[in-house]
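Worksheet: one structure, shown below.
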Amino acid sequence: MNTLLVSAGYLPLSSALSRLQQTDADLASFVVQFFQHASPQDLEAYPPDLLITLARHAWQASAERKPGGRILIVRAAPEAAHGQDILLAVNDDMPFLFDSLMNELNAQGAGIRAAFHPIIAIRRDASGKRTGVGGEGARRESFICVLMDSVGVSREQDVLNGVEQVLADVSAAVRDWRTMLGRMEESARELKKHPPAGLGADDLAESDAFLSWLLDNHFTFLGCRDYVFEAKGEGGLKPLAESGLGLLSDPERRVIRQGSDRTALTPEVREFLMQPQPIIITKGAVRSSVHRRVHLDYIGVKRFGPDGALAGERRFVGLFTSAAYHRNPSDIPLLRRKVESVVARSGLPPQSHSGKALANVLDTYPRDELFQVSEDELHDIAMGILHITERPQTRVFLRFDKFDRTISALLFMPRERFSAEAVDKASHIIADAFNGHVAASYPQFGDAPVARAYVIIARHAGQRPEVDQSALQEKIAASLRSWNDSLGAALASSHLPAARSLARRYGEAFEAAYRDEVEAGEAVRDVEIIEGLRQSGAGPGSIAIALAQGAGSPSQALHAKLFVASAQAELSTALPVFENFGLRAIEERPYRVTPRDAGGFFSMIHDYRLALSTPQPIDLAAVKARFEEAFKAVWTGEVENDSFNRLVLQAALSVREVSALRAIAKFLRQAGLTYSQAYMEDALARNPDVAGLVLRLFKARFDPGLGLEARMQETETISERINAALLDVKSLDEDRILRRFVNAVSAMLRTTYYQTSEHGVPHPVIAFKFDSHLLDDLPAPRPLYEIFVYHPRVEGVHLRFGRVARGGLRWSDRREDFRTEVLSLVKAQQVKNAVIVPVGAKGGFFPKQLPLGGTREEFQAEGIAAYKMFVSTLLDLTDNLVAGEIVPPALTVRHDGDDPYLVVAADKGTATFSDTANGIATARGFWLGDAFASGGSKGYDHKKMGITARGAWEAVKRHFREMGHDTQSEPFSVIGVGDMSGDVFGNGMLLSDKIRLIAAFDHRDIFLDPDPDMAVSFRERQRLFALPRSSWADYDRALISPGGGVY
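In my numbering, the protein residues as written are 178 to 1224.
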């Protein structure tokens, strides 16, 4: 007894059985047989005591059962299997019990943990009471014990009802099996006796052979019912209720149609019934509850009268056996005729490559489908399959059921793309197209480069929709196409050159996150941009930007992609740029794109979801290109990153137009306008219409493409519109700001705005020449003319108080008010030079991109570069003299007449720059040549010669001499204003070695040395003076007396 369990692989049960043997031998024998053939995994899943309890439960529940009776119980499992239920079914032994019951539980979603299904011989008395196990008179009984997840009280009855019905179906089918065989034999005899009119002898013999083949263990008969044909009206088939057998013994059970009308025939079905073919093979509308949970196979054998007319139908339902599925089609009646017909119609030699391939197609054709398909349908589909096996592709072949209940779909796709997900996706596309649902799907893999799924679509009620099958094919192919394939197809249909090469390069370039989020069509645009970056040879960090409409409000939601070559954009860098364009970044998604064979090149795509920060709508089509140009210019430093950039979107201005307004604002700040730049930015952004009109006024005055008359008319018209628009400005501050912009444009005489290089590239620096007397609220003294120079790298101003006037250019370190600094120099110049020349000129520039933490040489190099840009731009606005003739600057409208005079000189920070300025003038062919800038190698070095300081020092010496003190031989204390880099102060502090400099200050530092060593401090001042640039911060603090320092 125990040996059986040991051999089954479960030794722990032996000891429990030994104890049971001593108390109840029959029960012990029952337990042994109960678990004899159980799965070792199921045995090992539970403790021995629980297993004994299960067997005991079956033993007790089956104590009394009459033959043909059924025991069916669901109860909670013991604590050792907490959360589980036990289902017990006891029946007479018969086929299909276990698999049918398990199919029902699975269909109800039961979570099955273990199953035991022994067949045990039980002895019973006449009343059904058990008298023993085995021995003479014992009958085999089926015990099925299933452990499953608890179904709950609410579903327990549903489970019992379902299982009860299945077991009843099994019983009915087994009970009537032999009778159904007899009915099939009778049908074969009737068909011979009364064949249909018009049916040939060969066809009749083939049909008879098929019925015999079914009887030869190729069909499991589960139900049968007779129908009589009623010819009145449109005709119908009326069921004979008393004829039902097996599953169809229930008069209400249907297998073909689910509607209420069981007799009416559609015209298509009537036409089919009137044909002489005596056998109908199709699929039932319901799944089998017995044996296999698949759609029932339906075989209808027509019945004919003596005259060969249709008299009725005998309908069999069941399942083709496994033997039927494994036989070659050429060995099966009816099927062999179809196969022979297709081979003959193909015209392919059987021994040829294509002939053998066609034979394989037919041999592997879904057997259920082969039974149902017509010869014509089979020929067309088989030839289509043959072609795709030679050239793998995604194709679907459809066949519509004769009764319009189902659609059979043979879905083929390349093996590498075949997956459950792909089949499911294609199946649902077909089901949706034909108003149905997916009833079944059977995948198949072979040696061919294509894989197949046989899909059955069950139609819903109603007329079948008309579907363009070509469009359906394309939709399915598109849905199954891999993202990389879709990209290749999109590239092929695009305008891009070398699409095939691009598909190879970018086919695997995009990461999974990108492919999940972005359609292939959109990716083509990204490829075009990235490839542009790659081919341009742009270095790491180079960018491109693409703006599009985002999901949401048409005007408020935007979407931008920032492409960065071989680098990543920091979020902290990008967000301020977007914000200054008036955009809020809501979300960012970064993707890396790595093209194949690109020499290490990659691109980051930073995908931003954006929203406008203001409610004003925008016209994306009008601003898209302007925004993209402006963003790139800001990113590369060609344009400053400030809130003037909001005007690109809010006023639809170009980046250069915005730069012009920015330059005007920069000038107004230097000219003493008290409002901050941020306030001016807001004023223009809140009044974008006025900002646009200011630009139009500027263009009307300076566009070289306008004639004089048109210019005057346009200027007058726009001025009137501006005046009208200003009346609607609600804020007084904004009104003042906007009027100052208008006044600045009106006071302009010239601009570099329209100037271009010989290649048509706009002048990188925007400069304006003003008639200073026309500017409102300008601090005194007012120059005759002034030129303001603006660029992200440098700003500067040149003030000229007469048509012929000269003066130095200063390297200013006062960013916010360098014009004020220059103006103060002018005032001093007017006093100092009053007896020399009536008027003079002064200029200053501020380098805005000096290297932070750079060396002195790097600092000086950037200063010289800014100086060159400043001086060059001054000359760009100045007339030239060539052979005595005035030559105005190209593409420059002049509102001031001829003005060829521009002479500069050195000043603080530019003492050594005169050669640089003269080099620029000479290279440009400026008429003054190396006389343009005084000083330098071909002139006087203003700082080196110290002319101004030496002249002033004579006055100092006389002043002290009158007090009886000799400054050249006697020590004296000095407190000064300035530093050693200055022309006057620097030279002056070196004109006597008796100077005791105890204090000095400039705008940056305060220098204190209470008790200086005259010789030591003199040498230190000499050192500072010799530096290219210096401040008191450069003074060696170790040389300062106690109590002093630089502050």
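Heads up, the beta-carbon is just placed ideally off N, CA and C, and yes, glycines get one too.
None of the values given here were measured: they were computed from a predicted structure.
Taking only three categories from DSSP, how would you classify residue i?
i: TYR967; result: strand
i: GLY1040; result: helix
i: ILE1172; result: strand
i: MET357; result: helix
i: LEU826; result: helix
i: PHE398; result: strand
i: ILE433; result: coil
i: THR308; result: strand
i: LYS1085; result: coil
i: ASN1057; result: strand
i: SER780; result: strand
i: VAL351; result: helix
i: THR180; result: Low confidence applies to THR180: its pLDDT is 44, below 50, so where it sits in the model is not reliable, and the reading given next is rough at best. Of the three classes helix, strand and coil, the one that applies to THR180 here is helix, per DSSP.
i: ASP403; result: strand
i: ASP438; result: Model confidence at ASP438 stands at a pLDDT of 49, short of 50, so the residue's coordinates are unreliable; what they give is reported in the following sentence. The answer is coil: DSSP assigns ASP438 none of H, G, I, E or B.
i: ILE1124; result: helix
i: ASP326; result: strand
i: SER1114; result: coil
For residue i, tell me which candidate among the options has the shortest Cα-Cα distance.
i: VAL974; options: ASP1092, ARG913 and ALA1018; result: ALA1018
i: SER304; options: GLU1035, ALA350 and ARG242; result: ARG242
i: LEU265; options: GLN213, LEU337 and PHE497; result: LEU337
i: ASP1211; options: ASP1182, PRO1148, SER749 and ILE248; result: ASP1182
i: ASP508; options: SER1146, ALA1177, SER389 and GLY461; result: SER389
i: PHE574; options: TRP1209, PRO510 and ARG629; result: ARG629
i: PHE622; options: GLN646, PHE611, ALA638 and GLU593; result: GLU593
i: LEU1185; options: SER327, LEU1168, LEU909 and LEU1216; result: LEU1216
i: ALA666; options: VAL701, LEU228 and THR1069; result: VAL701
i: ARG959; options: PHE965, VAL966, TYR967 and HIS950; result: HIS950
i: LEU487; options: ILE476, GLN452 and THR498; result: GLN452
i: PHE945; options: TYR856, THR1050 and TYR631; result: THR1050
i: ALA292; options: ALA315, LEU228, GLU817 and GLN640; result: LEU228
i: LEU344; options: MET325, ARG355, MET271 and VAL323; result: MET271
i: GLY421; options: GLN454, GLY412 and MET357; result: MET357
i: ASP948; options: ALA610, GLY359 and ALA921; result: ALA921
i: ALA240; options: ILE299, LEU883 and LYS1045; result: ILE299
Take the Cβ of residue i as the centre, count every other Cβ of all protein chains shown within 10 Å, and call the residue buried at 16 or more, exposed below.
i: SER437; result: In this prediction, SER437 has a pLDDT of 48, which is less than 50 and means its spatial position is unreliable; nothing more can be read from the coordinates.
i: PRO295; result: buried
i: ASN1226; result: Residue 1226 falls outside the range modelled here, since the chain spans only 178 to 1224, and no answer is possible.
i: TYR502; result: exposed
i: ASP379; result: exposed
i: THR459; result: buried
i: GLU567; result: exposed
i: SER195; result: exposed
i: GLY1031; result: exposed
i: PHE433; result: Inspection of the sequence shows that residue 433 is occupied by Ile rather than by Phe. Counting Cβ neighbours within 10 Å, ILE433 comes out buried, since at least 16 surround it.
If the criterion is Cβ atoms closer than 8 Å, does the pair residue i and residue j meet it?
i: VAL310; j: SER206; result: yes
i: ARG927; j: ASP953; result: no
i: PRO526; j: ALA536; result: no
i: ALA676; j: ALA686; result: no
i: VAL871; j: LEU838; result: yes
i: PRO717; j: SER749; result: no
i: SER1158; j: ARG1198; result: no
i: ALA386; j: PRO506; result: no
i: ASP474; j: LEU424; result: no
i: SER531; j: LEU563; result: yes
_Whether or not the stretch 990-1001 and the stretch 1036-1046 are in contact is what I'm after, with contact meaning three or more pairs of Cβ atoms, one per stretch, closer than 8 Å; do they touch?_
no
_Pairs of beta-carbons, one from the stretch 772-787 and one from the stretch 671-684, closer than 8 Å: are there three or more?_
yes
_Check whether the stretch 483-495 and the stretch 607-626 are in contact - that is, three or more C-beta pairs closer than 8 Å._
no
*How do the stretch 279-292 and the stretch 325-340 stand: do at least 3 beta-carbon pairs fall below 8 Å, yes or no?*
yes
*Contact the stretch 786-801 vs the stretch 751-768: 3+ CB pairs below 8 Å*: yes
*How do the stretch 648-656 and the stretch 592-609 stand: do at least 3 beta-carbon pairs fall below 8 Å, yes or no?*
yes
*Are the stretch 1084-1096 and the stretch 1056-1075 touching, with three or more C-beta to C-beta distances below 8 Å?*
no
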